[in-house]
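Numbering (the working numbering), first residue to last: 63 to 142.
Below, the structure written as structure tokens:
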């Protein structure tokens with residue numbers, strides 16, 4: 063499994079830059095990035111006011127609550 067991920071590094075990186083950051087690997091071709099699918103501010107969440115630490119993150123799931131995220135699959139076909 064590790065070899066498979068390592069051999070697809072360039073494709074996964076390109077999909078991340080494009081779908082998640084909204085840019086090409088070299089910083090060009092901007093477009094709308096995927097919206098995060100995890101509410102980091104919800105009560106008791108890791109980044110809620112009562113959390114042990116602070117910071118930000120964007121979470122993008124291919125499978126969420128047992129359902130495939132079609133937008134992720136469309137924008138990240140190699141990763142998905």
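Glycine included, each C-beta is placed from N, C-alpha and C at the ideal position.
Distance between residue j and residue i (C-alpha atoms, nearest Å)
{"i": "residue 76", "j": "residue 84", "result": "10 angstroms"}
{"i": "residue 80", "j": "residue 137", "result": "8 angstroms"}
For residue i, three-class secondary structure by DSSP
{"i": "residue 105", "result": "Confidence in residue 105 is poor, its pLDDT being 48 and thus under 50, which makes the residue's placement unreliable; the coordinate value appears in the next sentence. Looking at residue 105 - three-state DSSP - the assignment turns out to be coil, as it is neither helix nor strand."}
{"i": "residue 135", "result": "helix"}
Beta-carbon spacing of residue i, residue j below 7 angstroms
{"i": "residue 134", "j": "residue 142", "result": "yes"}
{"i": "residue 82", "j": "residue 122", "result": "yes"}
Whole-number beta carbon distance between residue j and residue i, since they are thought to touch under 8 angstroms
{"i": "residue 99", "j": "residue 131", "result": "7 angstroms"}
{"i": "residue 73", "j": "residue 140", "result": "4 angstroms"}
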